[in-house]
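Start counting the sequence shown at 1; every next residue gets the next number (UniProt numbering).
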Amino acid sequence: MNYTKNSKNLLPHLPLVVRSLISGITHSDSPADLHARLEHTPKDLNGLFRKMLAGVDDAVRDRSNKMLLVAIHNPFDTPLNALAYSWLNDLGDPKFPFNQPIWFYSDEEVTKRISVVRHQFDVLTKGLLEIRETHDRREFLYSRYRVEFFHRSVKDYLKDEWNRDGSKVRHSKFDKFETYCRLKLAEARFSRSWILYRSEIGVFDFLFFIYRATFGWVEKREHDLPPNCFDEWARVIDSFQRVLPFSGGETIESTRRTDQITNYSHWALSYQIPNIVELLKHARSRNVDTEFNILLVASSTAQLDIVKCLLSNGLSPNEQVKVKVTAEMYGFHNSGFVQAPVWMVLLQLLATRIIGQMCWSRMSNHPWESSRYFLILEEYLRFGADRDVYFLGFFETGKKQADHEYYPHDEELFLP
């Protein structure tokens, strides 16, 4: 058989053609049948996609559309976890995943669900969606499989096709905001702890990844985060803390162990979510025993509106917090804890960041935005912060280090 006649036209979608031929061989097609498959292959990608979708049974058309819609509108920077597609039918229950116990999927459960999703993609999307394994073998099984379109043009084709004829897809049944909030919650509450995998990576790294992706996306939306979703995140984080080999909320210093920063309220304050203050007031999380000062956390993340609210509700910039101070001179390293008012800690943070930006500005194309911090300092002054401050600066000049000019560490620059 000579398949070279249409090779030029088939080249852009050759993998799909090969897949069709392999399917025919698997089903014991005769050479004539294989030739017919090739002859009936559309000569352009759009025609091929149209033909593939036409093969979806009308009885499962809604399920097919929902799978494709979830992939098309994925708002995150990375492809969705393949397990998310195993929960699409569960979303029909408005109580999911809130009514589910917080338990960790075994590897056997993950494997079974991935197998089911793979089969559903074959039946419901005719191969337009694929499960792909990440190249990083350090990924544990729960997060190893991601869903992507077979070809980069599938997404554009479906958007154009459905925009021309919206009746083909029941958009009214697909609430994008709620769907992705609930899918990310499910991904968090069923994920296995790093401890169970005996990994050297921080216990909370994966949970942080899901959390940052979700709240970073919510921050950019106009929708308020549903209270039940916010509350559910608190439950998940509290549950994870019960298996930690250390107490949460120990430090907010620069550290590779992000699992130490486990206080839910302070996590949430890292994002400019419109209804965050009301949500925090009613959060049922009992994880509130911490040395973190909520006013300082809101201030250090430049949450001006939240700072105003906290100050108006009785918090004071003069409240004392425990601060770890480190110093390194002449090869000796010393550290200890001191008490300082919130305003002083924020002022020191602001000063060191400004001078740090001056020192390293030539190395970065992303200047640090400081205007919101000055507005916060103005609020501090309105609520009784000390107006008289002296700065003591430490500088060391003429010292070379690894062929580069020596610059002091941020904490060495200013001490108010």
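Even for Gly, the Cβ is constructed at its ideal location relative to N, Cα and C.
Keep in mind the model is a prediction, meaning the values are calculated, not measured.
Query	Result
Note down, in chain order, each residue of its chain lying with its Cβ closer than 8 Å to the Cβ of Trp217, except the 5 sequence neighbours on either side.	Pro75, Phe76 and Tyr180
Helix, strand or coil: how does DSSP classify Ser285 here?	Unreliable positioning characterises Ser285 in this predicted model, as indicated by a pLDDT of 49, which lies under 50. A coordinate reading is not provided.
Can you grab the Cα-Cα spacing for the pair Val297 / Ala188, in whole Å?	24 Å
Find out if the Cβ-Cβ distance for the pair Arg132, Arg146 is shorter than 9 Å.	yes
Is the beta carbon of Ser316 closer than 9 Å to that of Gly384?	yes
Bridge partners for Tyr145 per DSSP, in chain order?	Glu133
Spatial neighbours of residue 434 within its chain, please: C-beta separation below 7 Å, excluding the five flanking residues on both sides.	The requested residue 434 does not occur in the structure, where the chain is confined to residues 1 to 416.
Could you give the distance in angstroms between the alpha-carbon of Thr214 and the alpha-carbon of Arg118?	25 Å
Does the distance from the C-beta atom of Ser86 to that of Tyr142 stay below 9 Å?	no
For Leu350, verify whether its CB is less than 8 Å away from any heavy atom of the ligand ADP.	In the structure on display, the ligand ADP does not appear, and there are no ligands present to speak of.
Helix, strand or coil: how does DSSP classify Lys324 here?	strand
Identify, in the order they occur along the chain, each residue of the same chain with its Cβ nearer than 6 Å to the Cβ of Ile237, setting aside the five sequence neighbours on each side.	Tyr264
Between the stretch 343-350 and the stretch 371-389, can you find at least three pairs of beta-carbon atoms closer than 8 Å?	yes
Taking only the alpha-carbon atoms, compute the straight-line gap between Gly55 and Cys309 and give it to the nearest angstrom.	57 Å
Would you report the Cα separation of Gln339 and Glu319, rounded to the nearest angstrom?	10 Å
Can you tell me whether Phe121 is buried or exposed? The criterion is at least 16 other CB atoms within 10 Å of its CB, across all chains shown.	buried
Can you tell me which of the three DSSP states Ser191 falls into?	coil
Does DSSP put Val203 in a helix, in a strand, or in coil?	Low confidence applies to Val203: its pLDDT is 49, below 50, so where it sits in the model is not reliable enough to give any reading.
Tell me whether residue 418 sits in a helix, a strand or coil according to DSSP, three-state version.	Because the chain spans 1 through 416 in this model, residue 418 falls outside it and cannot be assessed.
When you compare only the Cα positions, how much space is there between Glu148 and Gly127?	10 Å
Let me know if Val307 comes out buried or exposed under the rule of 16 or more other beta-carbons within 10 Å of its beta-carbon.	buried
Using 9 Å as the threshold, is the C-beta distance between Leu207 and Ile276 below it?	no
In chain order, what residues of the same chain lie with their CB nearer than 7 Å to the CB of Arg221, ignoring the 5 residues before and after it?	Phe177
Is the beta carbon of Ala302 closer than 9 Å to that of Arg372?	yes
Quick check on this structure: which residue in Gln348, Arg212 and Glu161 has the alpha carbon closest to the alpha carbon of Thr78?	Arg212
So what does DSSP say about Phe76, is it helix, strand or coil?	coil
Which residues in the same chain as Leu295 place their Cβ atom closer than 6 Å to its Cβ, once the five residues preceding and following it in sequence are excluded?	Leu310, Leu315 and Val342
Who pairs with Asn81 in a beta bridge, going by DSSP?	Arg146
Return the Cβ separation of Ala84 and Leu183 in integer angstroms, given the expectation that the two are a contact with Cβ distance under 8 Å.	5 Å
Rank Ser64, Ala186, Gln100 and Phe174 by C-alpha distance to the C-alpha of Leu210 and give the top, closest one.	A small fix is needed here, since residue 210 is Ile in this sequence, not Leu. Taking only the C-alpha atoms, the option nearest Ile210 is Ala186.
Using the Cβ count rule (16 or more neighbours within 10 Å means buried), how would you classify Pro97?	buried
Relative to the alpha-carbon of Ala271, which residue among Thr125, Asp305 and Asn293 has its alpha-carbon at the smallest distance?	Reading off the sequence shown, one finds Tyr at residue 271, where the question assumed Ala. The residue with the shortest Cα to Cα distance from Tyr271 is Asp305.
Please report the straight-line C-alpha distance between Lys374 and Asp231, rounded to a whole angstrom.	Sequence check: residue 374 is Phe here, not Lys. For Phe374 and Asp231, the distance between alpha carbons rounds to 32 Å.
Just the C-alpha distance for Glu109 and Arg50, rounded to the nearest angstrom, thanks.	34 Å
Please identify the residue among Val323, Asn228, Asn293 and Asn89 whose C-alpha is closest to the C-alpha of Glu278.	Asn228
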